[in-house]
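K.L.:
This structure is in C-alpha cells; I'll ask about it shortly.
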Amino acid sequence: MGARIHRGQDPLDNWRQGSIKNLILYEGCQLPTPHSAQDRSRRPTMMDPQPAKPAASIVNRRKFLATAGAGVAGSSLLTMLDARQAPAQIKGTTLRILQWSHFIPAYDAWYDKFAKEWGDKNGVKVRVDHIPHLDIPARMAAEFAAGAGHDIIYNGSSILTRLYYKNLVDLSDVADAAGKKYGGWIPAARSLVEVEGRWYGLPIFYILAPMLYRKDLFDANNLKYPDTWELARVAARTLKPKGHPTGIALSQCADANLFWRSMFWSHGGIEATPSGDAPTIDSKELREFLKFAKALFEEGMTPEVFSWDDASDNRYLASGIACWVHDAISAYRTTEDTNPPVFQNTFLGLEPQGQPGKRVSAAAPNVWMVWKFSKNQQAAKEWLSYLIDNDLEGMVQSRGYNMPYLNDRYKKPMPVIGADPKLQILQDFPKFVAFYGYPGPSTTPIQEIVNTFVFPDMITKFCRGMALEDAVKWGVGEYRRIYAKYKQA
0 MGARIHRGQD
10 PLDNWRQGSI
20 KNLILYEGCQ
30 LPTPHSAQDR
40 SRRPTMMDPQ
50 PAKPAASIVN
60 RRKFLATAGA
70 GVAGSSLLTM
80 LDARQAPAQI
90 KGTTLRILQW
100 SHFIPAYDAW
110 YDKFAKEWGD
120 KNGVKVRVDH
130 IPHLDIPARM
140 AAEFAAGAGH
150 DIIYNGSSIL
160 TRLYYKNLVD
170 LSDVADAAGK
180 KYGGWIPAAR
190 SLVEVEGRWY
200 GLPIFYILAP
210 MLYRKDLFDA
220 NNLKYPDTWE
230 LARVAARTLK
240 PKGHPTGIAL
250 SQCADANLFW
260 RSMFWSHGGI
270 EATPSGDAPT
280 IDSKELREFL
290 KFAKALFEEG
300 MTPEVFSWDD
310 ASDNRYLASG
320 IACWVHDAIS
330 AYRTTEDTNP
340 PVFQNTFLGL
350 EPQGQPGKRV
360 SAAAPNVWMV
370 WKFSKNQQAA
380 KEWLSYLIDN
390 DLEGMVQSRG
400 YNMPYLNDRY
410 KKPMPVIGAD
420 PKLQILQDFP
430 KFVAFYGYPG
440 PSTTPIQEIV
450 NTFVFPDMIT
460 KFCRGMALED
470 AVKWGVGEYR
480 RIYAKYKQA
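Numbering follows numbering that gives the first Met the number 0, in which position 42 of the sequence shown is assigned residue number 41; successive positions increment by one, without gaps.
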C-alpha cells in the first residue's frame with residue numbers, strides 16, 4: 000500500500016526519459032502496441048500512423064511497479080457516509096491505483112489507509128502507487144503502449160481524456176449518479192472529461208490558487224490589499240528593494256502554466272474560441288499582458304524564478320522572503336507548519352482583477368480515469384463512487400486543499416475553510432474558476448500546448464530579453480502549428 004515509485008525501479012521508466020513532446024498523440028489515434036523488444040525500444044512520436052486499437056492479448060501484463068508495503072499511520076477518520084454494499088463479483092480481486100504525490104503529505108497517508116479499509120470491507124486487495132504529478136503523462140503513454148498497468152489512473156492539471164478516450168472506460172453512469180445525488184456538477188467540470196457526450200473521467204477535486212500576502216509588510220508600507228494585479232505589482236516593486244520580492248515560476252512546471260494564465264485571462268485574454276476549434280492567442284490583450292508580466296518580473300522578482308519548481312513558491316513564502324505569492328494553499332500550510340510568525344501575518348485574497356471587475360482563476364483540475372484494459376472495471380467504479388461520496392472527507396484530510404466539483408458541497412460553512420476566518424474567502428472562488436481551454440473545452444490541442452509549456456515559455460523568452468514581437472511570433476506559431484496538426488488529423 001502507498002508505494003512510492005522512484006526512477007530506475009520501473010521497467011517502463013525509459014518512457015519518461017526525453018521530451019514529453021514525443022508522448023503527445025493525435026486525438027482519436029493512439030500509440031501502436033509494441034509486440035517485441037525492438038518495438039518497445041522505439042519511442043512513439045506524433046507521426047506514428049497506426050489507428051487507435053487496444054493492446055493485443057498476447058502482450059502479458061508486467062509487474063512493473065515495485066512493491067513497498069508500508070504501514071500507514073494516521074489519525075482516526077472523521078464521520079463518513081456509509082458505503083453501499085459492493086457487488087459480490089469484486090471479492091477476491093486486486094485494484095491497482097496510480098496516484099500523484101500530494102502536496103499535503105497527510106492526504107496521501109489518509110488516502111492509502113482509506114482505500115485499504117474499503118478494500119478490506121469489500122474483499123478487494125487495493126494497491127496505491129504514488130509518483131510525481133509531472134510524470135503522469137509519460138506514465139499514461141507507457142501503460143497504454145504496454146496494454147498493462149494500473150486499473151485507475153490519476154490526472155492532475157494536464158487532463159488527457161481527449162487523448163486517450165477510446166481506451167478509457169465510460170464513467171457516465173458514475174458521474175450521473177453523483178450529479179443527481181449532490182445537486183449536479185459545477186459547469187467547468189464537464190469540459191474536462193466529456194467526449195462525444197460521454198464522461199471518460201471522473202472529476203474528484205481541483206486546486207485553487209488565491210493570493211497569499213504578508214499583511215504586516217503591506218501595512219508597514221501603506222500598501223493596499225492586492226485586489227488587482229496592478230496593486231500586486233506596486234507592492235512587489237515597493238518591497239523588493241527592502242528584501243521582500245515576489246515570485247511566479249518562469250519555468251516548465253504546472254505553476255507556470257496555471258498562474259500566468261490567471262493573470263492573462265483576468266486581463267481579457269483567451270487562447271482559443273469558445274468552441275475550442277481555433278486559436279485566438281494573437282491579440283492586443285496578449286501583447287499588453289506580456290508587457291505587464293515583464294514589468295512585474297523586472298520590478299518585483301529575481302532571476303531564480305527561471306529555475307523554480309512547483310514547490311519553490313511554498314518555500315519562498317515560508318522562508319519569510321516573499322511579500323506575496325499566487326499559489327495553492329499548500330504554501331499557506333507549509334508556512335503554518337514551518338514558520339509560525341510568518342504564518343500569523345499571511346492572509347489570503349481573491350484572484351486579483353486584471354481588467355476592472357474581471358477575475359478569472361486558472362485552477363488545477365484533478366480527475367480519475369479507468370483503462371479499458373483493466374480486468375477489474377467494476378471494482379474501479381465502485382471505489383470511485385465511494386470516493387465521491389466521501390469527497391468532503393478528502394477535503395478535510397487535505398486541510399482544505401481539495402475543492403469539490405459537486406454543487407451541494409458548497410453549502411456554507413464548508414469543511415475546514417468555512418471555519419477559518421482567513422480561509423473563508425475560498426468559498427467564493429467557484430464563481431470565477433476556469434480550467435485549461437477557457438472559455439471553451441480542454442481540447443487536445445490545448446492539452447498539448449499545456450504539456451509542452453508553450454505559454455510560460457513565451458513569457459520566459461520575453462522576460463529573458465527576446466523582443467516582444469519575436470516572442471509573440473514564436474508563441475503564436477506554436478499554437479497555430481499544434482492546432483493545424485490536429486485539424487489535419
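Backbone N, C-alpha and C fix where the C-beta goes; we use that ideal spot for every residue, glycine too.
Between Arg260 and Ala361, what straight-line distance do the alpha-carbon atoms span, to the nearest angstrom?
P.N.:
For Arg260 and Ala361, the distance between alpha carbons rounds to 6 Å.
K.L.:
Which value, in whole angstroms, describes the spacing of the CA atoms of Gly476 and Ala292?
P.N.:
If you take the alpha carbons of Gly476 and Ala292, they lie about 20 Å apart.
K.L.:
Does the Cβ of Asn450 lie closer than 7 Å to at least one heavy atom of the ligand PLP?
P.N.:
No copy of the ligand PLP appears in this structure; indeed no ligand is present at all.
K.L.:
Rounded to a whole number of angstroms, what is the C-alpha to C-alpha distance between Ala271 and His132?
P.N.:
So the two alpha carbons sit approximately 26 Å from each other.
K.L.:
According to DSSP, simplified to helix, strand and coil, what is Asn154?
P.N.:
Note: Asn154 maps to strand in three-state DSSP.
K.L.:
Kindly indicate which three-state DSSP category Phe536 falls into: helix, strand or coil?
P.N.:
Residue coverage of the chain in this structure runs from 0 to 488, which leaves residue 536 outside it and unanswerable.
K.L.:
Would you call Glu195 buried or exposed, if buried means 16 or more other Cβ atoms sit within 10 Å of its Cβ?
P.N.:
Burial call: exposed.
K.L.:
Does the CB of Asp281 have a neighbour CB from chain D at under 8 Å?
P.N.:
The structure shown contains no chain D, having only a single protein chain.
K.L.:
Count the other C-beta atoms from every protein chain shown that fall within 10 angstroms of the C-beta of Asp134, then say buried if there are 16 or more, exposed otherwise.
P.N.:
That one is buried.
K.L.:
Write down the C-beta distance between Ile203 and Ile416 rounded to the nearest angstrom, noting that I regard them as a contact closer than 8 Å.
P.N.:
With 8 Å as the limit, Ile203 and Ile416 do not qualify as a contact, their Cβ atoms being about 17 Å apart.
K.L.:
Would Gly399 and Ile328 qualify as a contact pair, given that the criterion is a beta-carbon distance under 8 Å?
P.N.:
Against a cut-off of 8 Å, the Cβ pair of Ile328 and Gly399 comes out as a contact.
K.L.:
Helix, strand or coil for Lys495, going by three-state DSSP, please let me know.
P.N.:
The requested residue 495 does not occur in the structure, where the chain is confined to residues 0 to 488.
K.L.:
Roughly how many angstroms separate the alpha carbons of Val233 and Asn220, rounded to a whole number?
P.N.:
One C-alpha to the other measures close to 11 Å.
K.L.:
Below 8 Å, can you find three or more Cβ-Cβ pairs linking the stretch 380-396 to the stretch 168-175?
P.N.:
A contact exists between the stretch 380-396 and the stretch 168-175.
K.L.:
Measure the C-alpha to C-alpha separation of Gly242 and Ile320 and round it to an integer number of angstroms.
P.N.:
C-alpha separation (whole angstroms): 7 Å.
K.L.:
With respect to the alpha helix (DSSP H) encompassing Asp336, which residues constitute its N-terminal and C-terminal limits?
P.N.:
Unbroken alpha helix (DSSP H) run through Asp336: Ser329 to Thr337.
K.L.:
Name the DSSP bridge partner or partners of Pro364?
P.N.:
Paired residue(s): Tyr205.
K.L.:
Please give me, in chain order, every unbroken run of the alpha helix (DSSP H) with length at least 4 that falls completely inside the stretch 236-304.
P.N.:
With a minimum length of 4 residues, the continuous alpha helix (DSSP H) runs that stay inside the stretch 236-304 are 253-265 and 283-299.
K.L.:
By the three-class DSSP mapping on this structure, what secondary structure does Gln423 have?
P.N.:
It is helical.
K.L.:
Kindly give me the distance between the Cβ atoms of Ile269 and Pro104, rounded to whole angstroms, as I take these residues to be in contact under 8 Å.
P.N.:
So it is not a contact: roughly 36 Å between Cβ atoms.
K.L.:
Where do the N-terminal and C-terminal ends of the alpha helix (DSSP H) with Phe143 fall, by residue?
P.N.:
Where Phe143 is concerned, the enclosing alpha helix (DSSP H) stretches over Ile135 to Ala145.
K.L.:
I'd like to know whether the C-beta atoms of Phe454 and Leu191 end up nearer to each other than 8 Å.
P.N.:
No. Outside cutoff.
K.L.:
Quick one, are the C-beta atoms of Thr326 and Cys252 less than 8 Å apart?
P.N.:
In the sequence as presented, Thr is not what sits at residue 326; that position holds Asp. No, the Cβ-Cβ distance between Asp326 and Cys252 is not below 8 Å.
K.L.:
Going by the beta-carbon positions, is the gap between Leu94 and Tyr153 smaller than 8 Å?
P.N.:
Contact: no.
K.L.:
Give the straight-line distance between the Cα atoms of Tyr404 and Glu350, rounded to the nearest whole angstrom.
P.N.:
When rounded, the distance between both Cα atoms is 19 Å.
K.L.:
Decide yes or no for the touch test of the stretch 438-453 against the stretch 410-430: beta carbon pairs closer than 8 Å, at least 3 of them.
P.N.:
Too few Cβ pairs lie closer than 8 Å, so no.
K.L.:
What do you reckon, are the CB atoms on Leu391 and Pro414 nearer than 8 Å?
P.N.:
Yes.
K.L.:
Between Ile280 and the rest of its own chain, which residues show a CB-CB distance below 6 Å, the 5 nearest in sequence each way excluded?
P.N.:
Same-chain partners within the cutoff: Glu270, Val475 and Tyr478.
K.L.:
Which residues in the same chain as Ser274 place their Cβ atom closer than 7 Å to its Cβ, once the five residues preceding and following it in sequence are excluded?
P.N.:
Contacts found: Gly439.
K.L.:
If you check the beta carbons only, do Gly122 and Gly91 fall under 8 Å apart?
P.N.:
Contact flag set, yes.
K.L.:
Can you list, in chain order, the residues of its chain whose CB lies under 6 Å from that of Tyr106, leaving out five sequence neighbours each side?
P.N.:
Hits under 6 Å: Gln396 and Ser397.
K.L.:
Just how far apart, CA to CA, sit Met465 and Trp473?
P.N.:
So the alpha carbons of these two residues sit roughly 10 Å apart.
K.L.:
Helix, strand or coil for Lys357, going by three-state DSSP, please let me know.
P.N.:
Correct three-state label for Lys357: coil.
K.L.:
In three-state terms, what does DSSP make of Leu230?
P.N.:
Correct three-state label for Leu230: helix.
K.L.:
Can you list, in chain order, the residues of its chain with a C-beta nearer than 8 Å to that of Ser250? Leave out the 5 residues immediately preceding and following it.
P.N.:
The answer, listed in chain order, is Val304, Phe305, Ser306, Trp307, Asp308, Pro455 and Thr459.
K.L.:
Compare the beta carbon distance of Ile185 and Pro429 with 8 Å and say whether it is the shorter of the two.
P.N.:
Yes, the pair counts as a contact, with Cβ atoms nearer than the cut-off.
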